[in-house]
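Peer 1: Here it is: the structure, laid out below.
Residue numbers (this note's numbering): 163 to 443.
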């Protein structure tokens with residue numbers, strides 16, 4: 163058996179069901195599943211702490227809205243501002259006006275923008291609903307969010323998007339539907355790498371929440387989330403194709419530059435949570 167025969171032909175249609183002009187895509191299904199599973203995880207945590215169902219329901223409304231808005235704005239501002247600065251209405255409307263009017267849906271979501279949006283949404287939640295420190299709710303929200311990241315990256319895999327660089331490794335994927343000029347070239351399944359890292363991060367955070375006293379160190383779980391998720395993102399970017407042409411001239415791509423502040427904030431939050439306990443003691 164030759165090495166080439168071990169490559170994986172990823173010839174999966176992004177559409178689960180297609181009937182005429184109507185279709186259900188794997189990405190949309192996995193995106194919805196991310197919120198359903200995340201809600202169930204959070205529900206168990208809230209019940210264990212005797213917190214109200216009303217708090218939980220409002221939390222996921224805030225998270226859902228903040229995720230979509232933050233991810234959309236993050237893509238427009240960080241990755242394609244040259245286009246959207248000239249077409250501002252297309253930032254909020256799911257259409258294209260040029261060269262002809264066309265319904266496009268919201269194409270383009272950025273995880274770094276989603277992270278910023280979620281933090282902003284949870285800050286507002288902490289002021290209006292829980293009336294606790296923002297770090298209290300961040301520590302509890304980031305655990306299911308890590309799981310949601312797993313589902314979303316699996317959705318990217320089903321869409322054959324965010325593909326990796328060419329590779330000779332035996333688990334390289336040929337992304338037949340990627341739209342790349344060389345779809346039969348084996349590439350790193352970067353989406354799968356990230357999905358696995360996010361699932362491991364979720365498992366680590368769940369262990370810390372349920373089996374240790376980490377949740378008593380306010381800000382610790384949030385810091386761990388940032389370090390785990392964005393360190394993985396930074397490293398995996400080295401084997402990913404750049405998302406936009408302007409990144410080709412950069413030493414580090416946009417995803418890596420945006421990850422660095424999150425990792426540093428995470429390290430600071432871990433240090434801060436330990437320091438506060440020492441001061442109290």
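Here a beta-carbon is modelled for each residue, glycine too, at the ideal position from N, C-alpha and C.
Note that the structure is a prediction, hence the values are computed from the model and not measured.
1. Which complete beta strand (DSSP E) runs does the region 372 to 421 hold, if anything under 3 residues is left out?
2. Residue 234: buried (16+ other C-beta within 10 angstroms of its C-beta) or exposed?
3. Exposed or buried, residue 348, counting other C-beta atoms within 10 Å across all chains shown (16 or more means buried)?
4. Nearest-angstrom Cα distance between residue 385 and residue 379?
5. Is it true that the CB of residue 372 sits closer than 8 Å to the CB of residue 292?
6. Between which two residues does the alpha helix (DSSP H) holding residue 180 run?
7. Can you give me the C-alpha to C-alpha distance between residue 185 and residue 353, rounded to a whole angstrom?
8. Going by beta carbon distance, what residues of the same chain come within less than 7 Å of residue 203, once the five residues before and after it are set aside?
9. Can you say whether residue 423 is buried or exposed, counting buried as having 16 or more other CB atoms within 10 angstroms of its CB?
10. Taking contact to mean at least 3 C-beta pairs separated by less than 8 Å, is the region 353 to 370 in contact with the region 311 to 328?
11. Go ahead and pull the three-state DSSP assignment for residue 335.
12. Once you ignore the five residues that flank residue 394 on each side, which residues in its own chain have a CB closer than 6 Å to its CB?
13. Let's test the definition: count the other Cβ atoms within 10 Å of the Cβ of residue 421 and tell me whether it reaches 16, buried, or not, exposed.
14. Give the straight-line distance between the Cα atoms of residue 375 and residue 367, rounded to the nearest whole angstrom.
15. Using only CA atoms, which one of 417, 231, 303 and 232 lies nearest to residue 382?
16. Considering Cα atoms alone, identify which of 271, 336, 338 and 173 is closest to residue 314.
17. Inspect the CB distances between the region 170 to 184 and the region 336 to 346 and report whether three or more fall short of 8 Å.
18. Which word fits residue 276, buried or exposed, when buried means at least 16 other C-beta atoms lie within 10 angstroms of its C-beta?
19. Cutting at 7 Å between CB atoms, please list the residues of its own chain near residue 435, excluding the five before and the five after it.
20. On the three-state DSSP scale, how would you describe residue 171?
21. Could you please give me the residues that DSSP links to residue 185 through a beta bridge?
22. For residue 317, which beta-bridge partners are listed by DSSP?
23. Could you check if residue 432 is buried or exposed, using at least 16 other CB atoms within 10 Å of its CB as the buried criterion?
24. Quick one, are the C-beta atoms of residue 299 and residue 319 less than 8 Å apart?
Peer 2: Well, looking at it:
1. The beta strand (DSSP E) runs lying completely inside the region 372 to 421 and spanning 3 residues or more number zero.
2. Counting the other Cβ atoms within 10 Å of the Cβ of residue 234 gives 16 or more, which makes it buried.
3. Around the beta carbon of residue 348, a 10 Å sphere encloses 16 or more other beta carbons of the protein chains shown; the residue is thus reported as buried.
4. Using only the alpha carbons, I get a separation of about 11 Å.
5. Contact check for residue 292 against residue 372 fails: the beta carbons are separated by 8 Å or more.
6. The continuous stretches of alpha helix (DSSP H) do not include residue 180, which lies in the beta strand (DSSP E) extending over residues 177 to 181.
7. In a straight line, the C-alpha of residue 185 is about 23 Å away from that of residue 353.
8. Excluding residues within five positions, the ones whose Cβ falls inside 7 Å are 305, 306 and 309.
9. With fewer than 16 neighbouring CB atoms inside 10 Å of its own CB, residue 423 falls in the exposed class.
10. Verdict: yes, contact present.
11. DSSP places residue 335 in strand when its eight states are reduced to three.
12. So the list reads 359, once near-sequence residues are dropped.
13. By the neighbour-count definition (other C-beta atoms within 10 Å, threshold 16), residue 421 is a buried residue.
14. In this model, residue 375 and residue 367 are separated by some 12 Å (Cα to Cα).
15. For the options 417, 231, 303 and 232, the alpha carbon positioned closest to that of residue 382 is the one of 303.
16. Closest option to residue 314, Cα to Cα, is 271.
17. Enough Cβ pairs lie closer than 8 Å, so yes.
18. Residue environment analysis places residue 276 among the buried positions, since at least 16 neighbouring C-beta atoms fall within 10 angstroms of its C-beta.
19. Closer than 7 Å at Cβ, skipping near neighbours: 379, 380, 381, 382 and 385.
20. Residue 171 falls in the strand class under three-state DSSP.
21. Beta-bridge annotation (DSSP): residue 185 is paired with 180.
22. Residue 317 pairs with nothing; no bridge assigned.
23. In the assembly as shown, residue 432 is a buried residue. Its beta-carbon has 16 or more other beta-carbons within 10 Å.
24. Using a Cβ distance threshold of 8 Å, residue 299 and residue 319 do not count as a contacting pair.
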